[in-house]
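The structure appears below as structure tokens.
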Amino acid sequence: MFTNICLSLVAFCNPPSIVAVDHRALVLIDAALLAQPKLEAALQRYRAAVKKAYRYELHLVGAPAEESAADLRTRISAFYEKEKISGVFLIGGFEFARFENAIGERSIFPEYFQDLDGELKDTDGDGVLDHYDPWVKPGPALELWLATFRPYSEAPDGADAAAQVIRILERGVDALGARLTPKDKKQRAATILSSRDWQNHSELLAALKRRYSGRIAQFGRGESTPDHYKTAVQTSSELLIAFLHSSPKAHHLDAPSGPAGLVIASASKTQTKDAASGSVALDQLTPRARMVLLFACSALDLDELPLPNEPFLANAYLLAPDSACRTVVGAARSIGLESLPLLLRSLGDAELPFPDAWRAYQNQLYDQAYLEHWLGVRGVWEAERLRFNWSYMLYGDPFARFDP
Ligand SMILES: [Ca+2]
Ligand SMILES: [Ca+2]
Numbered sequence: 002m003f004t005n006i007c008l009s010l011v012a013f014c015n016p017p018s019i020v021a022v023d024h025r026a027l028v029l030i031d032a033a034l035l036a037q038p039k040l041e042a043a044l045q046r047y048r049a050a051v052k053k054a055y056r057y058e059l060h061l062v063g064a065p066a067e068e069s070a071a072d073l074r075t076r077i078s079a080f081y082e083k084e085k086i087s088g089v090f091l092i093g094g095f096e097f098a099r100f101e102n103a104i105g106e107r108s109i110f111p112e113y114f115q116d117l118d119g120e121l122k123d124t125d126g127d128g129v130l131d132h133y134d135p136w137v138k139p140g141p142a143l144e145l146w147l148a149t150f151r152p153y154s155e156a157p158d159g160a161d162a163a164a165q166v167i168r169i170l171e172r173g174v175d176a177l178g179a180r181l182t183p184k185d186k187k188q189r190a191a192t193i194l195s196s197r198d199w200q201n202h203s204e205l206l207a208a209l210k211r212r213y214s215g216r217i218a219q220f221g222r223g224e225s226t227p228d229h230y231k232t233a234v235q236t237s238s239e240l241l242i243a244f245l246h247s248s249p250k251a252h253h254l255d256a257p258s259g260p261a262g263l264v265i266a267s268a269s270k271t272q273t274k275d276a277a278s279g280s281v282a283l284d285q286l287t288p289r290a291r292m293v294l295l296f297a298c299s300a301l302d303l304d305e306l307p308l309p310n311e312p313f314l315a316n317a318y319l320l321a322p323d324s325a326c327r328t329v330v331g332a333a334r335s336i337g338l339e340s341l342p343l344l345l346r347s348l349g350d351a352e353l354p355f356p357d358a359w360r361a362y363q364n365q366l367y368d369q370a371y372l373e374h375w376l377g378v379r380g381v382w383e384a385e386r387l388r389f390n391w392s393y394m395l396y397g398d399p400f401a402r403f404d405p
């Protein structure tokens with residue numbers, strides 16, 4: 002009897018088997034969402050799957066949705082000091098800082114939560130940051146990766162916010178548990194859609210051809226008609242690359258003869274004048290790409306969506322019925338994604354979990370020599386370098402797999 006009790010106690014008191022952890026991240030969740038019991042099991046499954054796949058320990062912490070960006074940054078900094086985290090996943094409608102660049106454009110500024118020791122100032126006191134020096138300290142600009150998912154208060158299919166988060170997390174758990182076979186890898190493909198007026202992207206195509214051995218479905222300049230879009234988005238592929246003029250609510254499609262229509266986020270939500278004839282509603286399709294790269298001005302500027310239920314393209318890619326999409330990456334300001342071959346190289350690094358590869362890519366873009374070249378070729382290096390922001394966003398599940 003005595004022995005049995007001891008054995009039971011030992012079994013009860015011993016910590017679970019120790020899984021070595023190489024990385025830590027903070028998952029900061031709207032406290033009202035975190036309080037919902039139905040989310041708990043999905044979060045724990047996701048946490049276990051990420052730990053197993055990437056030896057990543059996720060710390061789940063609730064924060065009031067109304068907390069200011071400044072307070073969130075303080076909270077993140079304290080956690081960074083204490084737990085040596087390498088990234089943050091924000092789930093909920095949290096406030097982001099905004100930045101006004103040298104040419105007066107304003108957009109959200111994800112780097113505010115990523116660079117914890119850079120010099121940030123609002124020099125004219127209007128409440129919007131306008132000075133950013135990521136090079137005041139040695140080392141990479143961004144200490145942390147940042148991922149975000151802002152659920153609708155109610156999705157077009159009626160799912161509440163917690164159910165949307167569960168959908169994203171469970172898709173992640175399924176994908177992390179699946180092992181790609183050599184045959185799967187051979188069948189990987191990319192799909193590219195282009196508006197008519199983009200610059201030559203032969204360097205990107207060469208990099209994609211190396212990665213996908215030519216399995217690239219390309220809808221070239223001026224071939225982004227509604228029918229082409231429907232085919233492209235529903236073609237099974239690893240990547241969908243959209244070189245399309247966009248707002249956070251719509252892609253603009255172009256045929257050789259001119260504008261060919263719009264892709265709107267949702268047919269069942271209130272649309273603005275974007276919902277013209279010839280439009281395609283993304284939530285009526287089944288996106289098949291695991292990752293969507295939006296080379297599309299401001300497509301991920303969350304702050305252009307003042308209401309939590311405004312249609313949002315990134316949410317539509319993630320939440321469309323039976324979507325395979327796990328992650329959307331793109332620009333939150335009016336700029337395309339730069340140096341895509343660099344991104345593909347970073348993401349193809351087998352040693353790096355996806356969000357760390359994304360941070361490495363962002364840091365390459367903030368490398369002073371790279372940026373001097375990029376701004377320098379426009380002859381504006383000294384004038385713009387401390388009023389410059391990339392404002393790229395990683396949206397949805399950060400732990401997408403992107404095997405080399
Ligand atoms: Ca300012
Ligand atoms: Ca820094």
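Residue numbers (this note's numbering): 2 to 405.
For each residue, glycine too, the CB sits at the ideal point set by N, CA and C.
Being a predicted model, the structure only gives us computed values, none of them experimental.
Gly63 is bridged by DSSP to Ile30. One Cα belongs to His252, the other to Lys83, and the distance between them is close to 42 Å.
Residues whose Cβ lies closer than 5 Å to any heavy atom of ligand 1, listed in chain order: Asp123, Asp125, Asp127, Val129 and Asp131.
Distance from the CA atom of Ser87 to the CA atom of Lys53, rounded to whole angstroms, is 17 Å. By DSSP's assignment, Phe150 forms a beta bridge with Ile92. With a cutoff of 7 Å on beta-carbon distance, Ser154 and Pro309 are scored as near each other.
Annotation for Leu314: the continuous alpha helix (DSSP H) segment containing it runs Leu314 to Leu320. Here Asn102 has Arg388, Phe389 and Asn390 as same chain residues with Cβ atoms under 7 Å from its own Cβ, once five neighbours each way along the sequence are excluded. Residue side-chain check: Asp116 places its Cβ nearer than 6 Å to a non-hydrogen atom of ligand 2. Just measuring C-alpha positions, the residue of Leu254, Lys250, Asp161 and Ser237 sitting nearest Asp228 is Leu254. When distances are taken from the beta-carbon of Ala142 to the heavy atoms of ligand 2, the shortest one is below 6 Å. In the structure shown, Ser225 adopts coil according to DSSP, grouped into three states. Residue burial annotation: Gly173 is buried, with at least 16 other C-beta atoms found within 10 angstroms of its C-beta. DSSP, reduced to helix, strand and coil, places Val166 within a helical segment of the structure shown. Distance from the Cα of Leu29 is smallest, within the candidate group Phe80, Ala49 and Leu376, for Phe80.
Boundaries of the beta strand (DSSP E) around Thr192: Ala191 to Ser195. Within the chosen limit of 6 Å, ligand 2 reaches the beta carbon of Gly119 through at least one heavy atom. Of all alpha-carbon atoms in Ala268, Trp375, Pro260 and Ser247, the one lying nearest the alpha-carbon of Ala332 is that of Ser247. Considering only Lys210, Arg211, Glu239 and Ile193, the residue with the shortest C-alpha distance to Ser225 is Ile193. Within 10 angstroms of the beta-carbon of Ser203 lie fewer than 16 other beta-carbons, which makes it exposed.
A direct Cα-to-Cα measurement between Phe100 and Ile77 gives close to 19 Å. Rounded to the nearest angstrom, the gap between the Cα atoms of Asp123 and Gln115 is 18 Å.
By the Cβ-count criterion, Arg56 is exposed, with fewer than 16 other Cβ atoms from all chains shown falling within 10 Å of its own Cβ. In the DSSP assignment, Ile242 is bridged to Ile193 and Leu294.
Within its own chain, the residues whose Cβ lies closer than 8 Å to the Cβ of Leu283, once the five positions on either side in sequence are excluded, are Val234, Val264, Ile265, Ala266, Ser267, Leu314, Ala317, Tyr318 and Ala321, listed in chain order.
In the DSSP assignment, Gly377 falls within the unbroken alpha helix (DSSP H) covering Gln369 to Gly377. Distance from the CA of Ala243 to the CA of Tyr362, rounded to the nearest whole angstrom, comes to 19 Å.
According to the DSSP secondary-structure assignment, Lys122 is paired through a beta bridge with His132.
Around the C-beta of Glu41, fewer than 16 other C-beta atoms lie within 10 Å, and the residue is accordingly described as exposed.
The continuous stretches of beta strand (DSSP E) do not include Ile336, and DSSP gives it neither H nor E. Counting C-beta pairs closer than 8 Å gives fewer than three between the region 295-308 and the region 161-173, which falls short of the contact rule.
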